[in-house]
Amino acid sequence: MRVSVRRLALYPLFAAQRRGALLSPFLHQISPRSRTLFSETGVWEKDYRTETRRKVEEWWHPRIMAQWRKDALEEVRGPHKKKFYVLSMFPYPSGRLHMGHVRVYTISDTIGHFQKMRGHQVLNPMGWDAFGLPAENAAIERGLDPEDWTKSNIQSMREQLDTLGLCFNWDREVTTCLPDYYRWTQYLFIKLFEAGLAYQKEAVVNWDPVDQTVLADEQVDENGHSWRSGALVEQKLLTQWFIKTTNYAKPLLDALQDLPEWYGVKAMQANWIGECTGCYFDFKLKVNGKETGETLSAYSSSPETVYGAAYLAILPSHRLLHGSSSVRSALQEAFQPGRDSLTDITAHNLFTGREVPLVISHKETFDDYLDTVVGVPDCNEEDLSVARALNLSWTSVLKTHEDGTQTLINSEEFSGLTREQAFNSITQKAKEQKVGGYLTSSKLRDWLISRQRYWGTPIPVVHCGSCGPVAVPEEELPVTLPKLPSITGKGASPLEAAHDWVNCKCPSPSSANSLFVSPVRCKGPARRETDTMDTFVDSAWYYFRYTDPHNAYRPFERHLADHWLPVDVYIGGKEHAVMHLYYARFLCHFCKDQGLVAHREPFRKLLVQGLIKGQTFKLAGSGQYLKREEINFTDKEPVALSGGRVEVTWEKMSKSKHNGLDPQDVVQQYGVDTVRLYILYAAPPEQDILWNAKTDALAGVLRWQSRLWQLVTKLRAARQLGDVPNPRLLKKKELAEAKKIWENKNYAIQEVTTHFTEDFLFNAAISRLMGLTNTLSVSVLLQHSVEFEEALAALVMMTAPMAPHLASELWAGLCQVKQPLSPILQHGGDVLQQSWPTVDPEYLEVPDFVELSVLINNKSCGMVTVPVQVSKDTSRVQQLVLESPVGQKFLSERNIKRAILSPRTALINFLVDE
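full-length UniProt numbering numbers the first residue of the sequence shown as 1 and each following residue consecutively.
In structure tokens form, the structure reads like this:
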């Protein structure tokens, strides 16, 4: 039998989980015996070599994962702990992880371990955003079933995630393409339908000619191209399903104020929603006094003046002029290009009860995305001009007083109110009557969710000739996808071909004990809806399902969702700032109003991550991407071997650009902990990482791991010499050094804890730990100092969430140090089971002011007293020094090039021109 050493090294956990105890002896047969591992043999190696690293990770990988699972079970059964919900955006199962996945999941895993060490009950779940076009397109290309393709990819990616040592709560795994999940997506859709928020209408939509489906506005970039295929989007008139997110525009906008800053995402959300200063009103259309049965919503920028409406205006491109509307012919007869056209159609305002004529505007566009507006001459000069030109009558509704204030007249019970008072009263009453009134902006449109593809959640609606669109009863959910012999992806929805599935009967009454009760239906012939839902509907609520993933009776139990929500930290790419986050927030607001959850906002903190970019080489002119081996690097400027200048850039990793990295190859070369530390250290989470194995960041974390190993090695060696440790033997100078170690330890704990809880600057946290490592490395207080012991213990514990395998072995070595001085090393248990270090109370008992030494070009020139709360702020300290007598005397006439504030001592050094 041939054995792949590389494969076994890459899949230690996956193999261990599935083959149990068979893995360890098998690996020993193929592993060199020249190296030992302390946890396995009790023999400590002097140096942290590559082979040591491999054996450390091989040993600790399954143990860390098993402990995480054990803790999760015990926390459910045990005493209540404060919860912490860390959530990373779940991936689409493409079949292969990329380095972006590694980055986001390393961050969530690090936070999860940290919060567990702080004593929290941690939820760090994982699942699969498994519906969508990529799987369908791949299935079409390969002649496969999308379900088989997707499940195979999920299996492959889960194995890859296992190799990275990521501690997810796999018992809560969700997969959006499984009926036990999308049953509840359909249930929530029906809730929206019953609330009047899911509706179908004919509309001009964005059509992707490559993927052969409709796109929401959010899925079209600023250049008019599809977000996924890159194709130039076309405009089509189709009957589609929408969700009325505009009804929640104002609450969604206002709720942003109560959220912490989301790395610019709050501003992006606010900009997308726009200023919510107007609302829509519903109108019933009439021709020659007879109702047509059509309802038209029109936007009013001044809802308080609705009783003064003179007309309704639509654009020449409006669906009523071009679609299947019953008023189409009447509109076309009246339409006169290039001018405002008065029609024979009137619109009955369902709020005021008044009728106004319908006008086809001469304009090509209104403000932003509007295509239907209410014309009120009293508050708009342009509306006044149109009304006069068409000889329309209207009612004046505004009275201006001497002081400039305006009140309403001729507005029924709202007369006498100020405009502001009337604005609030009219919109509120319109909402209560369900005829409009929801504040929104002129730039926001409802969410278009119809997709003319197969691989998605079926819309749970049947179309009955007598009853119209009818929701499928809850007890008949899920409406499962039918098996199709083949999928073409062209033309109409592929589901049209499933005739036995499409043709059905109008649903019968629901049972009395169902979650909602449908009215009596006719049981006549009907057709199922053949559009499927946009995958963003699936991902708009998955964070709820994680709290109760196996519930077969409802989407989730409220008490479980209320316990875990809101998500404490949500981690993912900034590219989801508008679409996914907006839809998820909307659905959470809706669920709150339905009484399904207590929280209106789903996410407390958002941590956006930048890209990991690889170096790319393109032929100048043609833009063709080249492989590294196709380039000559001998000259100053790279040249293609085939001839031609080469442009060198950094771009998002991709196979097509020949700049991608296989995470498994990287882990094989450097180890899991090194890759994790590099990702955390190379840049703050929101910034891009330019991956280059030759950079200082990678070399730096490799050196740091070795230095940590050396610290434990030295302490173990010192305690094995035979002298009994005795802190009373320390002399004055050594006591001063011990106090410095104690201060540095507490400062590091304070800073690292802040970085882990507030700003998530893991790179700064690692830098602080490197600083503590430096302090301990130069110290000679190995034998008799409890401060050294406790600082080293704290250092290893704070390293554990980021490099769990290495820290676990270091802790095992520390806990076996002979004659330990500190009780910390006598607690027992693995490092991830320890409590997170806390700052000593005495360290916090500091004076209100601190005496700071002032140096100029490394020479002392005096002391300055500064408040302790600003003593670590370089700019504030510099300002206070310049304002002090010392600063006035020595620095007022000098050109300051740089001010360096020491992180460890009360000292600031000014570098100035001589």
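All C-beta atoms, glycine included, are put in the ideal place defined by N, C-alpha and C.
Source: prediction; values computed, not measured.
Inter-residue CB distance, residue i and residue j (contact presumed, cutoff 8 angstroms)
i    : j    : result
T372 : G308 : Not confirmed; about 18 angstroms, so no contact.
Y681 : I749 : Not quite, the Cβ-Cβ distance comes to about 19 angstroms (not below 8 angstroms), so this is no contact.
V435 : F281 : 7 angstroms
L259 : W541 : Not confirmed; about 19 angstroms, so no contact.
V210 : S229 : 4 angstroms
D344 : A330 : 6 angstroms
I140 : L832 : Going by Cβ atoms, the distance from I140 to L832 rounds to 46 angstroms, so no, they are not a contact pair.
Boundaries (first-last residue) of the alpha helix (DSSP H) holding residue i
i           : result
S706        : 696-719
L776        : 762-777
K592        : 579-593
K505        : Per DSSP, K505 belongs to no alpha helix (DSSP H); it is in the beta strand (DSSP E), 503-505.
P134        : 133-142
V479        : V479 -> no alpha helix (DSSP H), and no H or E assigned at all.
S670        : A small fix is needed here, since residue 670 is Tyr in this sequence, not Ser. It spans 663-670 - the alpha helix (DSSP H) in which Y670 sits, taken as one unbroken run.
A794        : 786-799
residue 923 : Any property of residue 923 remains undetermined from this structure, which presents the chain solely from 1 to 914.
Closest by C-alpha distance to residue i, when choosing among the options
i    : options                : result
S486 : T405, R453, Y92        : R453
S853 : V881, F242, S493       : V881
V864 : K872, S642, S875, G887 : G887
N247 : V646, V205, Y199, V786 : Y199
W241 : P458, H755, I824, L891 : P458
R719 : D145, V817, S341, R527 : V817
R856 : P125, V868, F617, N895 : The sequence shown places Ile at residue 856, not Arg. Ranking P125, V868, F617, N895 by Cα distance to I856 puts N895 first.
L252 : A270, V265, I243, E261 : A270
P804 : R676, S302, L495, L285 : R676
T245 : D673, D217, K652       : D217
I689 : M65, N763, T753, E45   : N763
V122 : K151, H827, K82        : K82
Q155 : K363, L144, G127       : G127
P837 : I360, L215, T305, P801 : P801
K740 : T905, W455, P179, E147 : T905
K627 : A640, W501, V786       : A640
F351 : L781, F849, A717, L296 : L296
D913 : P903, L907, S892       : S892
Q433 : S871, G196, H61, P638  : G196
Which residues DSSP lists as bridging residue i, in chain order
i           : result
A203        : L238
R528        : V462
E291        : K286
T175        : W128
Q615        : W650
Y570        : L87, L606
Y299        : Y280, V373
residue 940 : A query on residue 940 cannot be resolved here, the shown segment of the chain reaching from 1 to 914 and no further.
V327        : According to DSSP, V327 bridges with nothing at all.
L690        : K613
I243        : A198, W447
S193        : Here the sequence assigns Phe to residue 193, which means Ser is not the residue at that position. In the DSSP output, where bridge partners are listed per residue, F193 has none listed.
S226        : V220
P357        : T346
Segment limits, beta strand (DSSP E) that includes residue i
i    : result
M863 : 859-867
K605 : 603-609
W650 : 646-652
K399 : 398-400
S88  : 83-88
Q160 : Counting along the chain, Q160 falls outside any beta strand (DSSP E), though it belongs to the alpha helix (DSSP H) covering 146-163.
Y438 : 436-440
G308 : Segment: none, G308 is in no beta strand (DSSP E) and carries neither H nor E.
Cutoff 9 angstroms: residue i Cβ touching any chain C Cβ
i    : result
L444 : No chain C appears in this structure, which consists of one protein chain only.
- Query: Between the stretch 608-616 and the stretch 572-585, are three or more C-beta pairs nearer than 8 angstroms?
  - Reply: yes
- Query: Pairing CB atoms from the stretch 167-175 with CB atoms from the stretch 436-456, are three or more of them under 8 angstroms?
  - Reply: no
- Query: Contact between the stretch 305-324 and the stretch 363-371: three or more CB pairs below 8 angstroms?
  - Reply: yes
- Task: Would you check if there are 3 or more beta carbon pairs closer than 8 angstroms linking the stretch 96-111 to the stretch 81-88?
- Result: yes
- Message: Between the stretch 739-747 and the stretch 791-800, can you find at least three pairs of beta-carbon atoms closer than 8 angstroms?
- Response: yes
- Within the chosen definition, does the stretch 614-625 reach the stretch 584-591 through at least 3 CB pairs nearer than 8 angstroms? no
- Between the stretch 94-103 and the stretch 406-425, do three or more beta carbon pairs fall short of 8 angstroms? no
- Touching by the beta-carbon criterion (3+ pairs, under 8 angstroms), the stretch 588-595 and the stretch 623-637: no
- Query: Does the stretch 635-653 come close enough to the stretch 715-735 that 3 or more CB-CB pairs lie under 8 angstroms?
  - Reply: no
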